[in-house]
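S.K.:
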Amino acid sequence: MTEKSATVGFSFQAKDRDEIFQFYFHQHWIRLLWPLVRLIIWNLLIIGATLTIATEDMFTEPRTRQTILIILTAFFLLAHFEFLARFYHYLLYVIVVTDKRIHRIKKTLLTMDDHESTDLWVLQDIHRRQHGIVQNLFGYGTLILQAQETVVRVHFTPKINKRYAALTHLRERARAVISSQQGALWKTATE
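Counting in this note's numbering, the sequence shown tops out at residue 194, every number present.
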């Protein structure tokens, strides 16, 4: 969803000094659609129940009314907490692409801090998958990055055609740099 072009001084966890930042992105916004719909449904149910309690004379005893309102407040808070947890998970899951590597950074507020890096020049294949009308309509899909013995799947990649083209271009550029460095090393070793 968010993208920045090459920025001087952009720093992130596990970045080498030699790496040049290219772009980053979060998952597609559609990932938040179901949690948002669920939050709206919970809010409508809670508001409806509260209005029913306030306008009907079913619960005339104050203690019963207070208990029901406390339970509704607890459900309200839980629904909002669950949405905020999903929203922070969405924001803290980032793919950062430099001229040398792809970094997949997954974090949660308290429990998880994963960082996976893959060198661009070792990528054997880059595939993109868009299955279904919704993925084609909204322009997202899955990037599959195959290295020697690992396969990295980046689900819900926004603007997948643009990302695929950029990664393919960066991979070829990284391979050219590595080939020229190996050629220079070979030349100095034979002299």
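By construction, the Cβ of each residue, glycine as well, lies at the ideal position given by its N, Cα and C atoms.
Just list the alpha helix (DSSP H) runs in the stretch 40 to 111, keeping only unbroken ones of 4 residues or longer that don't cross its boundaries, in chain order.
M.R.: 65 to 94
S.K.: Do you know how far the Cα of His-83 is from the Cα of Thr-53?
M.R.: 17 Å
S.K.: Output yes or no for whether 8 Å exceeds the beta carbon distance between Thr-101 and Gln-184.
M.R.: no
S.K.: By Cβ distance below 8 Å, which residues in the same chain neighbour Val-1 in space, the five residues on each side in sequence not counted?
M.R.: Nothing about residue 1 can be reported from this structure: the residues present for the chain run from 4 to 194 only.
S.K.: Ignore the nearest five residues each way along the sequence and tell me which others in Phe-62's own chain have a CB closer than 7 Å to its CB.
M.R.: Ile-56, Arg-68, Ile-71
S.K.: Whole angstroms are fine: how far does the CA of Gly-135 sit from the CA of Leu-123?
M.R.: 29 Å
S.K.: In angstroms with no decimal places, state the Cα-to-Cα distance between Arg-20 and Leu-170.
M.R.: The straight-line gap from Cα to Cα measures roughly 21 Å.
S.K.: Looking at C-beta atoms only, is the number of pairs between the stretch 73 to 88 and the stretch 139 to 146 that lie closer than 8 Å three or more?
M.R.: no
S.K.: Throw me the rounded Cβ distance for the His-29 and Leu-94 pair, which I believe falls under 8 Å.
M.R.: 7 Å
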